[in-house]
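Asker:
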Amino acid sequence: MKIPGAAAAFGVRTRLVLAFLLVAAVGAVTTAALTYREARSAVLERAQDTAVASFREEVERFVPGLPLDLESVRWELYDIAARSKPHPWIVFAEYGSVRVSSGDRPVSGVLTGELRRAARTSPHGGFQRVVKDGRAYLTIGMPVMTRVVAGGGAVPSGLLLFAVMPMANEEADIDALVTAARDGALPGLAAALVPALFAARSVLRPVRELRQAAHSMGGGRLDTRITVRGRDEMADLARTFNSSAARLEHSVQELRDAGARARRFASDVSHELRTPLAGMLAVTDVLDEDAGTLDPDTARAVRLISVETGRLAALVEDLMEMSRFDARAAGLNTDEVDAAETVRRTLSGRQWQDRVRAELPEGVRIRLDPRRFDVIVANLVGNALHHGAEPVTVRLSSRAGALITEVRDSGPGIAPDALPNIFDRFYKADAARSRSSGSGLGLAITQENVRLHGGTIRAENTPGGGALFTVELPFDGPASTGPDRTEATA
Amino acid sequence: MRKRAFRAVGAARIAMLLVLAGTPLTGCGIQETGVVGAGRPPVGDLLPPRDSRLLLFFFSPDDELLPVPRNVEVPWEGGPGSSPAEGGEASASLSPLTAVTALLQGPNKAERRAGLRNAPSLPREASAAERVVTGGSTVEVRLNLPVRRLTAPARDQVVCTAAYAAHAQGDLSVTLVGQDGGLAPADCSLRPVPAPAR
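Respectively, the protein sequence lines represent chains A and B.
First residue of the first sequence: 494, per this note's numbering; consecutive thereafter.
First residue of the second sequence: 11, per this note's numbering; consecutive thereafter.
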């Protein structure tokens with residue numbers, strides 16, 4: 494994906510504001526610069542035109558005798574300098590080898606050879622702006638022509654007159670222009686900040702709403718919609734978002750309904766099976782007692798029916814338990830108990846205390862649902878005894894605010910490809926043993942119970958062989974766990 | 011690698027913006043200029059009236075041929091209404107021969123002080139000017155020296171001086187004749203251009 498540096502570094506608001514300011518700056522600077530240039534040329538041209546015109550006028554009034562006489566000419570140059578316009582100038586005259594001026598030096602350091610050459614060779618007057626030592630001067634050069642006879646044609650007289658006029662006033666005027674342009678551009682930029690912020694806001698508000706809506710949908714609130722304002726691209730986006738959200742909500746609702754129907758069906762089936770099963774159990778109990786009086790073949794059949802009916806009843810109980818979990822109808826009935834005592838009671842209640850080695854530290858108290866914890870331990874230990882091999886070890890420990898219950902067997906362990914699915918419903922780790930003694934729901938129910946407590950369960954194979962199931966239950970109950978569980982208990 | 015490329019592109023972009031923004035700002039203050047033509051040169055009447063001066067042509071230190079007036083005392087000749095300038099009847103003190111003679115004498119003290127001089131090949135012999143014959147639109151100047159040995163600037167000096175002495179606007183062809191024969195008729199290189207009337 495291409496992300497230019499600026500896009501990565503700044504937010505949309507900053508970029509929009511910067512773009513606005515940039516446009517405003519370019520506009521302001523360009524306008525100011527063009528205005529400045531025009532005004533500067535106007536100032537300079539007015540000064541130059543005035544100076545050139547008045548200097549020519551003065552020169553035409555100046556009638557020295559030829560060849561020039563230094564002393565008399567100097568006084569006339571003083572006169573021309575005295576009538577300077579628009580600013581005081583110094584007049585320099587050149588004739589042959591004569592150099593004389595109205596200033597204190599006969600030759601100017603400001604006049605360029607270029608202007609002197611132009612005045613000598615070209616039949617026109619000329620001027621040149623010169624900047625010397627940081628100061629600007631207007632220099633004017635005039636080759637004086639003389640008429641041969643009164644009213645006749647004119648020939649160059651060989652007399653050159655120069656004027657050097659400092660442009661201090663113009664410099665001050667132009668500096669004032671720069672200051673004015675700068676002082677005008679900066680408030681302009683500041684003013685541009687206001688529409689920039691407004692524009693950024695108008696773009697960003699729909700984006701923010703969209704983000705909040707998307708976040709809200711991600712949180713499960715599929716009925717979130719955005720108010721559509723106006724007819725621009727943002728409105729199109731909002732409309733698209735709304736229609737997508739509506740379709741998504743519809744699909745999710747269909748899925749939910751299907752799931753709910755399936756769960757209700759399973760629950761109904763279990764319920765409907767329970768009543769006839771209760772009757773059948775009562776009958777098989779009676780038949781079981783009378784089996785001794787029957788002939789051996791019939792007795793074996795009766796006992797088989799009795800066992801299978803009991804198993805079926807257990808399966809239906811497990812199914813109903815699963816349905817309650819699915820319907821989120823399972824609740825916690827918590828009590829503060831001694832963990833070791835609870836585990837011991839579970840083992841003794843099933844006559845397992847001789848087959849299971851227990852490492853139960855005393856004095857670990859935890860708040861949990863004793864019945865559900867009993868189911869967890871009984872399922873894990875029963876699993877270990879049925880599918881693994883003895884010795885089976887139950888070990889309690891506590892770590893980082895959680896009670897850890899470990900059940901370890903010494904069997905062959907769980908096949909690696911079965912490990913990820915071990916907690917799935919009706920998943921058989923050993924395909925060959927299709928008819929196991931359990932319902933196939935034991936580990937699934939265990940996992941649901943652990944989750945209900947806000948805990949975690951994991952299965953692994955120990956390095957020494959054998960499976961190890963680890964259950965972690967938080968000491969302070971399910972309230973401290975993630976949001977999915979609190980939602981389920983609500 | 012890619013990031014660096016982006017950074018380079020970004021830097022180039024910023025530089026371009028700066029140039030764009032900076033271009034109008036360059037050249038604050040007053041800039042120097044070249045020489046700008048400022049219309050016609052000033053025209054004055056720097057020469058004395060024709061009936062009281064000789065017009066000689068000398069070279070400035072910059073090798074420029076300049077018209078240099080020299081005042082002469084003119085004795086009163088005609089009665090009222092008769093001007094010496096009219097009809098080519100110049101008095102002897104203003105005749106082309108006088109002018110050429112003065113030219114060959116070289117610049118006087120005041121003119122030398124202003125740096126004026128003759129062309130080097132022009133001999134400083136006042137007596138070399140023999141006679142000047144004015145006829146129609148030509149002037150023949152006879153000189154007692156080898157005219158072919160004169161350089162072009164020296165010939166120009168004599169031609170202009172004779173032409174302007176014989177004609178107010180110098181509008182005549184001048185033939186130089188010397189010991190070694192004559193030269194082709196020539197015009198003065200310095201011709202008046204029309205000037206606005208006062």
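In this text, a Cβ means the ideal position worked out from N, Cα and C, and glycines have one as well.
Can you give me the C-alpha to C-alpha distance between L559/A and P599/A, rounded to a whole angstrom?
Answerer: In a straight line, the C-alpha of L559/A is about 19 angstroms away from that of P599/A.
Asker: With a threshold of 7 angstroms between beta-carbons, can P106/B be considered close to chain A, or not?
Answerer: No, its Cβ sits nowhere closer than 7 angstroms to a Cβ of chain A.
Asker: Determine the DSSP secondary structure at I719/A, reduced to helix, strand or coil.
Answerer: I719/A falls in the coil class under three-state DSSP.
Asker: Check whether the segment 110-126 of chain B and the segment 560-576 of chain A touch, using three or more Cβ-Cβ pairs below 8 angstroms as the test.
Answerer: Touching, yes, given that three or more Cβ pairs across the two stretches are closer than 8 angstroms.
Asker: Is there at least one Cβ from chain A nearer than 7 angstroms to I24/B's Cβ?
Answerer: Taking Cβ atoms only, chain A never reaches closer than 7 angstroms to I24/B, which makes this a no.
Asker: For R134/B and chain A, any beta-carbon pair shorter than 7 angstroms?
Answerer: Taking Cβ atoms only, chain A never reaches closer than 7 angstroms to R134/B, which makes this a no.
Asker: Evaluate contact between the segment 945-956 of chain A and the segment 878-889 of chain A, counting only Cβ atoms and requiring at least three cross-stretch pairs below 8 angstroms.
Answerer: Result no; under three Cβ-Cβ pairs closer than 8 angstroms.
Asker: State yes or no: is the C-beta of V53/B within less than 7 angstroms of the C-beta of A647/A?
Answerer: Contact flag set, yes.
Asker: The alpha helix (DSSP H) that contains F818/A, what's its start and end?
Answerer: 789-819 is the span of the alpha helix (DSSP H), which, as asked, contains F818/A.
Asker: Can you tell me which of V641/A, G677/A, P688/A puts its alpha carbon nearest to the alpha carbon of P206/B?
Answerer: Checking every option, the nearest Cα to that of P206/B belongs to V641/A.
Asker: Within 10 angstroms of the Cβ of N81/B, are there 16 or more other Cβ atoms? Answer buried if so, exposed if not.
Answerer: By the neighbour-count rule (16 or more Cβ atoms within 10 Å), N81/B is not buried but exposed.
Asker: Below 8 angstroms between beta carbons is the criterion; list the residues of the segment 114-141 of chain B that meet it against any residue of chain A, in chain order.
Answerer: Residues passing the 8 angstroms Cβ filter: A120, E121, R123, A124, G125, L126.
Asker: Should G54/B be flagged as near chain A, meaning a C-beta pair shorter than 7 angstroms?
Answerer: It does; some Cβ of chain A falls within 7 angstroms.
Asker: Between T639/A and chain B, is the shortest Cβ-Cβ distance under 7 angstroms, so that the two count as touching?
Answerer: Yes, contact with chain B.
Asker: For the beta strand (DSSP E) that contains M635/A, what are its first and last residues?
Answerer: Here the beta strand (DSSP E) through M635/A covers 628-640.
Asker: Given this structure, state the Cα-to-Cα distance separating V762/A from R749/A, to the nearest angstrom.
Answerer: So the alpha carbons of these two residues sit roughly 20 angstroms apart.
Asker: With a cut-off of 7 angstroms, does the C-beta of G47/B fall near any C-beta of chain D?
Answerer: The structure shown has no chain D; the protein chains it does contain are A and B.
Asker: Classify S147/B as helix, strand or coil using the three-state DSSP reduction.
Answerer: S147/B falls in the coil class under three-state DSSP.
Asker: Alpha carbon to alpha carbon, what distance is there between L104/B and R63/B?
Answerer: Taking the straight line joining both Cα atoms gives about 7 angstroms.
Asker: Using CA coordinates, which residue listed in D190/B, G192/B, Q189/B, A173/B is at the minimum distance from S183/B?
Answerer: With distances taken between Cα atoms, S183/B lies closest to A173/B.
Asker: Please determine, among G191/B, Q179/B, S131/B, the residue with the shortest C-alpha to C-alpha distance to R147/B.
Answerer: One point to set straight first is that residue 147/B is Ser, not Arg, in the sequence displayed. Comparing Cα positions, the closest option is Q179/B.
Asker: Listing by chain order, which chain B residues have their CB less than 8 angstroms from the CB of P465/A?
Answerer: There is no way to answer for residue 465/A, as the model of chain A reaches only from 494 to 983.
Asker: Name the chain A residues that come within less than 7 angstroms of F203/B, Cβ to Cβ?
Answerer: According to the sequence shown, residue 203/B is Val rather than Phe. Within chain A, the residues near V203/B are G646, A647.
Asker: CB L186/B to CB V149/B, shorter than 7 angstroms?
Answerer: No, these two residues do not count as a Cβ contact at 7 angstroms.
Asker: Taking just the CA atoms, how far does L66/B sit from A112/B?
Answerer: So the two alpha carbons sit approximately 8 angstroms from each other.
Asker: Report buried or exposed for P680/A, applying the criterion of at least 16 other Cβ atoms within 10 angstroms of its Cβ.
Answerer: Exposed, since its Cβ has fewer than 16 Cβ neighbours within 10 Å.
Asker: Cα separation between R714/A and L741/A?
Answerer: Approximately 11 angstroms between the Cα atoms of the pair.
Asker: To the nearest angstrom, report how far apart D72/B and L670/A are at their CA atoms.
Answerer: Approximately 45 angstroms, taken between the alpha carbons.
Asker: Report yes or no: is there a C-beta of chain A within less than 7 angstroms of the C-beta of R60/B?
Answerer: Chain A, which has a Cβ nearer than 7 angstroms to the Cβ of R60/B, makes this yes.
Asker: What distance in whole Å lies between the Cβ atoms of G634/A and G618/A, which are believed to be in contact at a cut-off of 8 angstroms?
Answerer: Contact holds; Cβ gap of about 7 angstroms.
Asker: Please classify G91/B: is it buried, with 16 or more other beta-carbons within 10 angstroms of its beta-carbon, or exposed?
Answerer: Bear in mind that a pLDDT of 44 at G91/B, under 50, signals an unreliable position, so the model cannot answer this.
Asker: Can you tell me whether T955/A is helix, strand or coil according to DSSP?
Answerer: Looking at T955/A - three-state DSSP - the assignment turns out to be coil, as it is neither helix nor strand.
Asker: Taking 7 angstroms as the cut-off, decide whether the C-beta atoms of V584/A and S595/A are in contact.
Answerer: In contact: V584/A and S595/A (Cβ atoms closer than 7 angstroms).
Asker: Checking 7 angstroms against the spacing of the C-beta atoms, do L697/A and A518/A come in under that value?
Answerer: No, Cβ-Cβ distance for L697/A and A518/A is not below 7 angstroms.
Asker: Start and end of the alpha helix (DSSP H) containing P680/A?
Answerer: That run of the alpha helix (DSSP H) goes 661-711.
Asker: Is there contact between the segment 526-540 of chain A and the segment 708-725 of chain A, where contact requires at least three CB pairs shorter than 8 angstroms?
Answerer: Touching, no, given that fewer than three Cβ pairs across the two stretches are closer than 8 angstroms.
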